[in-house]
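The working numbering numbers the first residue of the sequence shown as 14 and each following residue consecutively. We treat Cβ as the ideally placed atom computed from N, Cα and C, and that holds for glycine.
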Amino acid sequence: MTPARYRLTISARTNAGNAGGLGTLLDALLLQGATKVERFHRTTDRFKEPTGIVCGESFDRPLPARVTIIALSFAVSTYYPSPCQCRKCWRIGHSKNHCTNSENKCKKCGESHDQTTICSQKCINCTSPDHTSDSKVSPAYRELSSLIKFATDNDVTKKEARSKIDKSYSAAGSRSTTTSSQPKSPQEDLDRLKADIHNIQEELKSLKNDTIAPIEKSG
14 MTPARYRLTI
24 SARTNAGNAG
34 GLGTLLDALL
44 LQGATKVERF
54 HRTTDRFKEP
64 TGIVCGESFD
74 RPLPARVTII
84 ALSFAVSTYY
94 PSPCQCRKCW
104 RIGHSKNHCT
114 NSENKCKKCG
124 ESHDQTTICS
134 QKCINCTSPD
144 HTSDSKVSPA
154 YRELSSLIKF
164 ATDNDVTKKE
174 ARSKIDKSYS
184 AAGSRSTTTS
194 SQPKSPQEDL
204 DRLKADIHNI
214 QEELKSLKND
224 TIAPIEKSG
């Protein structure tokens, strides 16, 4: 069984946010079942500074609803990693370090060209002209996000998750085909026949009004 990842947010203004950094967080969370702790950072002016978001790993199931750090209680939620995206070719699913492209791609159009070149916008992941390749509204990004969430919630790998989802779609399609191919019941056939007769009667009535009535009037 792989460890589950969870996240919590610690305000930098609290003692927990300032007390001893990662070491203090790790010591506190280890006592509550954590096996690994990571504090997220953001880059500002080329310098990294810690944020209030902490990610922990635990083999406990289910995950704790809350954890306590320096007498403060923090709510815990399941951590869902963001889809990996290459900053070289801008395709989703791998990082820059594992990219097989020899040239950098344009984030706006997905092609290789000089930075001064004027280009038309087209997402390299879904070919849509409505957003750039790093947009989170791309169907490709959303699909992978859903896959990651399914894999996390079901404690399986992304490959296993995709296989399970594909089987579910296949089973649903098979049930739909079976239902549509089933023969109609006698009552359904009778109801359809009555409806056809009613439609014919209405057409005859309309035809009578359009032809016979004008003839009688002229006579």
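Pairwise C-alpha distance: residue j and residue i
i: S71; j: Q45; result: 9 Å
i: S146; j: T113; result: 18 Å
i: D58; j: T64; result: 15 Å
i: S108; j: I137; result: 15 Å
i: S148; j: E116; result: 21 Å
i: R74; j: L38; result: 21 Å
i: E201; j: A208; result: 11 Å
i: F60; j: H54; result: 10 Å
i: P142; j: G106; result: 21 Å
i: W103; j: N167; result: 29 Å
i: I79; j: E173; result: According to the sequence shown, residue 79 is Arg rather than Ile. Spanning the two alpha carbons is a distance of roughly 30 Å.
i: T265; j: K49; result: Residue 265 lies beyond the range of the chain shown here (14 to 232); nothing can be said about it.
i: R205; j: A17; result: 56 Å
Backbone secondary structure at residue i - three-state DSSP
i: T130; result: coil
i: L21; result: strand
i: R55; result: strand
i: L85; result: strand
i: R79; result: strand
i: F72; result: coil
i: T15; result: coil
i: P152; result: helix
i: N110; result: helix
i: E201; result: helix
CB of residue i within 7 Å of CB of residue j, strictly
i: Y154; j: P96; result: yes
i: C122; j: K101; result: no
Chain-order list of residues whose beta-carbon lies under 7 Å from that of residue i (same chain, five-residue window excluded)
i: H126; result: C119, C132
i: I228; result: Bear in mind that the predicted position of I228 carries a pLDDT of just 46, short of 50, making it too unreliable to give a figure here.
Same chain only: Cβ atoms within 6 Å of residue i, ignoring 5 sequence neighbours per side
i: P77; result: V89
i: L43; result: none
i: A41; result: I82
Buried/exposed call for residue i, threshold 16 Cβ in 10 Å
i: R26; result: Confidence is the limiting factor: at R26 the pLDDT is only 47, short of 50, which leaves the residue's position unreliable and the question unanswerable from this model.
i: Q98; result: buried
i: Y182; result: exposed
i: A47; result: buried
i: L203; result: exposed
i: I3; result: Because the chain in this structure spans residues 14 to 232, residue 3 falls outside the shown range and cannot be described.
i: S151; result: buried
i: A84; result: exposed
i: L157; result: buried
Contacting residues, own chain, Cβ-Cβ under 8 Å from residue i (five flanking each side not counted)
i: R20; result: I66, V67, C68, G69, V89, S90, T91, Y92
i: I178; result: L160, F163
Proximity test, Cβ basis, 7 Å: residue i and chain D
i: L160; result: In the structure shown, chain D does not exist; there is a single protein chain.
Residue i CB to nearest heavy atom of the ligand GTP below 6 Å
i: D166; result: For the ligand GTP, the structure offers nothing, since it holds no ligand at all.
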